[in-house]
Every structure is written in structure tokens, then in C-alpha cells.
Amino acid sequence: MKRETASQRRHFRITAPLKIQMNMDDDLYFYKTRNWSIGGFCIDNLEGVDGFEAGNIIPVRVDIPFSDFDINFETEVKIVRIDKSLNSLSAKFISLDNRKEELLKYFADALISGEIAGIGDTLKHIDTPVTLVSEKPDSKKNERQPEKKRKAILIASSYIAAGVLIGSYVLGIAYSSIFKIRVQSAAISAPDNLIRAPFSGTIDLTYVTVGDAVQLDEPLFYIRDDATIESIEMAKIVVRDAENELMENEQKLSAEYQMLEIYRSFGVAELKIAEAETKALKEKLALAKTRYERNLKLHQKDLASDDVVDRVAEEYIGLRASLSVAMANEEMARKAVEQIDSGWFYTDNKLEGKVGELKPAVTAAKERLLLEKERLSLMEKRRLRLEIQSPVDGRIVSVLSGTKQFVEKGQPLAVIEGNGKKLIEAFVSADNLKKIDLSRPATIFLQGSSTSLSATVDSIERGLIPESSLRNVNSVLPESAVAVKVNLILHSKNPNKKLDNLPPGLPVTVEFSRIFDANIIKGSAEFNSGDNDDANFSESIPKLDFPAMTKAE
């Protein structure tokens with residue numbers, strides 16, 4: 000085994016204790032770390048050490064006791080070493096996301112730099128006051144004064160200084176009680192975006208996990224909307240039906256055109272026959288007329304009998320009648336051929352044909368097919384919208400719904416912490432909300448630190464926690480003690496202090512400027528009572544949605 004010096008380690012080991020909660024045999028055990036770093040931790044006096052082996056991966060909860068709060072989060076660790084003689088266990092973090100790593104790094108850097116120190120089992124800010132010394136030398140020479148006079152002056156100065164300090168303290172408390180409202184149930188927060196299901200369906204694919212960085216329009220989930228899928232399949236069936244209908248009508252129309260061509264050939268042949276018969280009858284009629292006229296002249300000269308003239312006249316009259324019939328047949332055959340171009344044909348002494356019906360049917364089928372294809376295209380575009388995309392650049396804080404889970408419309412899917420400017424979220428009671436207004440100034444204090452930041456009330460969200468949740472709280476609250484979230488933004492004039500450098504979830508204290516009304520001057524006792532109500536109220540607020548911040552027991 001190779002042991003490296005502290006200077007060669009990747010992370011500094013810190014002895015200020017953290018609390019580690021482990022689950023063994025369905026029982027919860029709490030241990031203090033012997034040392035820890037951003038990479039892992041070591042604990043001693045571990046009960047049931049035989050139940051662990053190097054290489055095991057176990058879930059733990061890390062508690063950071065900071066001032067009056069416990070900042071905790073859950074993660075997984077891998078056991079890297081077990082010393083059964085000391086009942087000690089060393090483990091490294093394997094699933095820290097950026098948010099949790101930033102919290103550990105913030106406290107580690109602060110402990111190393113001395114800004115925070117471990118006092119007992121709690122981490123607290125260390126503020127060292129420095130008295131400025133004038134660069135100008137003292138003009139008076141050191142004169143030796145009598146011992147009694149010096150002692151009296153020293154005692155008097157001490158009393159005066161103590162009186163000034165006590166008076167300043169009392170005045171400060173009175174001023175804060177009258178003009179300020181101090182709220183400890185506050186924390187740094189980044190702008191969160193709650194992603195909800197735009198429709199009901201089943202999550203087929205989840206593209207992200209907690210801690211992943213996402214960009215604008217990056218896919219997050221694919222939700223299968225059964226109603227949309229069914230509509231798309233039905234639209235495909237309707238399109239196929241329209242295609243079949245169009246094909247059937249086109250085939251009928253094509254067959255009708257083929258039949259018309261056949262009838263055209265027959266009609267043209269019949270027309271030619273009729274024309275030939277008409278021509279032959281015209282020639283016969285011309286000969287019969289000539290014969291009739293010649294026999295008529297011979298009859299006038301008594302050279303032809305009456306019977307001969309009558310037979311010739313009868314033949315002439317018959318040919319004239321036959322010619323009229325032939326000409327009528329020819330005209331009928333010609334019109335029949337002409338009607339073929341219009342989709343009709345003449346047969347069995349009647350006009351027949353379906354072209355006039357099939358042409359509109361084909362046109363209607365084409366229009367229907369076009370409409371059904373457009374409808375299917377719209378359905379397919381809706382299928383693309385089944386992919387849920389990120390509305391902002393940021394980081395996945397929480398995934399609330401998993402793969403193969405059915406979700407209702409509007410059900411939360413995930414929470415994205417945006418990359419925008421960080422805010423301060425404070426929770427106050429409805430009673431104290433009457434003394435706070437939009438755009439009112441406020442002062443932000445880091446827990447245990449005298450460093451202050453100027454801020455302004457930006458927005459107020461009422462009715463955040465329902466009454467049903469408040470009933471589960473042990474402390475008894477007044478009817479008006481309904482949780483109200485107040486969002487604050489920092490002033491740009493704050494020197495060298497930016498919330499962007501602080502991890503989300505870090506607890507802070509907010510001091511609001513109180514609004515005055517006609518009933519405000521009733522004595523500091525009433526105001527102190529109001530502040531105590533708010534302090535009790537802060538203890539009763541349920542676990543919030545930033546890295547678990549709960550009031551220390």
C-alpha cells in the first residue's frame with residue numbers, strides 16, 4: 000500500500016465533523032466523520048463493520064451542521080477501505096452532482112481559509128473585528144500619572160464604555176423590533192423551471208438524469224400519446240382507403256374508355272356501311288328515274304304498255320323510300336360516333352355510358368386523397384411534438400417521472416435550474432406579510448456572518464403551502480399562518496459579493512423593512528411578539544425544494 004503525503008493529495012482533508020446517516024438492517028445510524036474532503040470521508044467506531052466490504056456501494060445522507068441549520072443531501076458512496084481493528088470505514092463519493100459538489104467545496108474552502116470554523120459539532124462563521132490605528136503619532140508625551148487616578152479613570156471609562164455598548168445594543172434591539180422584521184427561513188435559490196407534461200401519455204424515453212447540463216431545445220423526454228398514435232394509424236387507414244377508392248374509379252374509367260374505343264370502331268364501321276348503302280341507293284334511284292321517264296315517253300307514243308310503266312314507277316317509288324331509310328340510318332350512325340367522344344355509345348336502340356359519372360367520381364377521390372394526406376401530415380407533425388424539449392439553458396435538479404410511467408396532462412416531469420441570476424427565497428407568515436410590500440428594501444445576512452448584502456423585494460407568491468400540510472406540523476399555528484414565499488433580488492451596488500459565487504440552497508437570514516400603519520405604534524412588546532410568531536413559523540415550514548434545508552433540532 001502506497002501512502003502519499005498531504006501535499007500530494009487531490010483534496011484537503013478536513014477534521015471539522017460532518018454527520019453521516021447510514022441505513023443498516025433497516026435501522027438508521029448517525030456517525031461523525033473523523034475527516035472528510037470533496038472526494039469522500041472516513042468514520043470511526045462504526046457498528047456492524049463486519050457487514051461491509053471494500054467495493055460495496057451504499058446510499059448515505061450527508062448532514063452539514065451550519066449555524067442553526069442542517070444542510071443535507073443524499074448520495075451514494077463506494078467503500079474503499081475497512082479497518083476492523085479500529086472499526087473504521089473510508090468511502091468516496093461516486094454520484095455527486097454539480098450542486099452537491101459546489102456545497103461541499105464552498106464549506107471546504109471556507110474552513111481552509113478560516114472564514115468558517117468548527118465550534119463543537121457546528122460550523123460557524125468567524126468574524127474577527129479589527130480596530131484601525133491612526134498613522135499620526137501621538138502629540139502628547141507619555142506622562143506618568145498617579146496610580147489611583149489612573150485606576151479611577153480606567154474604571155470610569157469601563158463603565159462608560161459598557162453603558163454605551165448596552166445602550167447601543169438596547170437601541171439596536173428596539174430599532175429592529177420597531178422598524179425591521181427578521182426572517183431566518185430563507186435560502187439562496189436559482190431560477191427553477193418546472194417541466195410539465197403537455198398531454199397525457201406514457202414516457203417511452205428519458206434522455207436526462209439529475210445533474211445533467213442541458214441547453215435550450217435539447218430533448219428531455221419522449222412521451223407516447225396513445226390517442227395521437229391511434230389517430231395517426233386511423234389517418235393512415237383512411238389514406239389507404241382513399242387511394243383504393245381513387246384506383247378503383249380510375250380503373251372503371253379506363254375500362255369505360257376502352258369500351259368506348261371498341262364501340263367507336265363498330266360505330267365507324269356501321270357508318271361506312273350506311274354511307275355505302277345510301278350511295279348505292281342514290282345511284283339505283285337515278286337509274287330508276289331515267290328508266291321511268293323513258294318508259295313514260297314511250298307510253299305516250301303507245302310504244303310501252305301500262306303494266307311496264309306501272310312496274311317502273313313502283314320500282315322508282317320503292318328506291319326513293321329505301322334511300323330515305325338509308326339516309327336516316329347513316330345520320331344515326333354518324334351521331335352515334337360523335338357521341339362516343341362525349342362518353343356515350345348507342346346500342347340496342349338506346350344511349351349508354353358511365354364516363355359522365357366516373358369522371359366526377361375520380362376528381363372527388365383525388366380531392367379526398369389530398370385532404371387525407373394533409374391530415375396525416377398534421378398528425379405526423381404532432382408526433383414530433385411528443386418530444387419534450389428544454390425551455391432554457393441550465394441543469395437538471397430533479398426528475399419527477401420515469402420511463403414507462405403514465406403521466407397525465409400537466410403532471411410535473413422535471414425541474415431545471417436555469418443559468419440565470421440567483422435569487423433569495425424567504426418564507427414568512429401571512430401576518431408578517433402585511434408588514435412587507437413590493438420594492439421594499441431588505442438586508443441579507445449569511446448565517447453566522449456579519450456580512451450584509453442589500454436587496455429588494457421582487458415578488459410575493461401567496462398560498463404556497465396548503466392548510467393540509469400545516470396541520471401535519473407539530474407546533475400550533477394561527478389561522479393566518481399560511482406560508483408565503485417572498486422573492487428578493489440583490490442590488491448591483493453590493494461590492495465584491497455576488498450570489499452567483501454561492502451555491503444554491505445555502506441558508507441566509509433576511510431582514511425586511513417594516514411597513515407602518517395606524518396600529519404600528521403599540522409598543523415594542525407587540526412587535527417582538529410578531530417576530531417570535533414568525534420565528535416559530537419558520538420552524539414549521541416543511542422541507543423545501545432546494546438542497547434539503549431544515550431547522551436544526
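Note that numbering that gives the first Met the number 0 gives residue 409 to position 410 of the sequence shown, counting from 1, and the numbers run on in steps of one. Ideal Cβ placement from N, Cα and C applies to all residues, glycine included.
- DSSP places His490 outside both helix and strand once states are collapsed to three, so it counts as coil.
- In the DSSP assignment, the residues bridged to Phe65 are Phe68, Leu122.
- Around the beta-carbon of Gln257, fewer than 16 other beta-carbon atoms lie within 10 Å, marking it exposed.
- Remark: C-beta atoms of Thr508 and Gln20 do not approach each other more closely than 8 Å.
- Between Leu153 and Leu88, the beta carbon gap of about 57 Å keeps them out of contact (Cβ cut-off 8 Å).
- Residue nearest to Ile187 within the set Ser428, Lys420, Glu460, Ser438 is Lys420 (criterion: CA-CA distance).
- When the beta-carbon positions are compared, Gln410 and Pro218 stay at least 8 Å from each other.
- Pairing Glu330 with Arg310, the inter-Cα distance amounts to about 30 Å.
- Per DSSP, the unbroken alpha helix (DSSP H) holding Val324 starts and ends at 305-339.
- Of the candidates Asn22, Ile37, Ile42, Ile42 places its Cα closest to the Cα of Lys31.
- Short of 8 Å from the beta carbon of Asp211, and not among the five residues preceding or following it, lie these beta carbons of its own chain, in chain order: Arg394, Ile395.
- Secondary structure of Val396 (DSSP, three-state): strand.
- Look at Gln214 here: in three-state DSSP terms it is coil, with no helix or strand label.
- Between Phe51 and Ile93, the C-beta gap is not smaller than 8 Å, which leaves the two residues out of contact.
- Between Lys99 and Phe72, the CB-CB gap stays under 8 Å.
- Beta bridge pairing from DSSP links Asp82 with Ser87.
- Residue pairing for Phe40: DSSP places it in a beta bridge opposite Trp35, Ala90.
- Three or more Cβ pairs closer than 8 Å define a contact, and the segment 191-207 falls short of that threshold against the segment 366-378.
- Between Val391 and Leu215, the gap from beta carbon to beta carbon is short of 8 Å.
- Take Val59, set aside five residues on each side of it, and the residues of its chain with a beta-carbon closer than 6 Å to its own are Ile19, Met21, Val76, in chain order.
- Between Glu101 and Pro506, the C-beta spacing is not below 8 Å.
- Secondary structure note for Ser253: its alpha helix (DSSP H) is the uninterrupted segment 225-299.
- Less than 8 Å divides the Cβ of Glu510 from the Cβ of Lys179.
- Sequence-distant Cβ neighbours of Ala332 in its own chain, meaning closer than 7 Å and more than five residues away, are Gly266, Glu269, Leu270, Ala273.
- Shown here, Val207 sits in coil according to DSSP, grouped into three states, outside any helix or strand.
- CA-CA distance, Asn294 to Thr277, rounds to 25 Å.
- Phe11 is positioned such that its CB atom lies closer than 8 Å to that of Ile111.
- Assigned with DSSP and collapsed to three states, Asn55 falls in coil, not helix or strand.
- Excluding sequence positions up to five before and after Ala287, its CB lies within less than 8 Å of the CB of Val311, Glu314, Tyr315, Leu318, all in the same chain and listed in chain order.
- Just measuring C-alpha positions, the residue of Ile165, Asn243, Ser264 sitting nearest Gln338 is Ser264.
- Leu302 counts as exposed, since fewer than 16 other beta carbons sit within 10 angstroms of its beta carbon.
- Pairing Leu487 with Leu445 gives a Cβ-Cβ distance that is not under 8 Å.
- Boundaries for Ser199: no alpha helix (DSSP H) harbours it, and the DSSP string shows neither H nor E there.
- According to the DSSP assignment, Lys403 belongs to no beta strand (DSSP E), since it is labelled neither H nor E.
- A residue is called buried once 16 or more other Cβ atoms fall within 10 Å of its Cβ, and Asp224 is buried on that count.
- By the C-beta density criterion, Pro64 is buried, having at least 16 other C-beta atoms within 10 angstroms.
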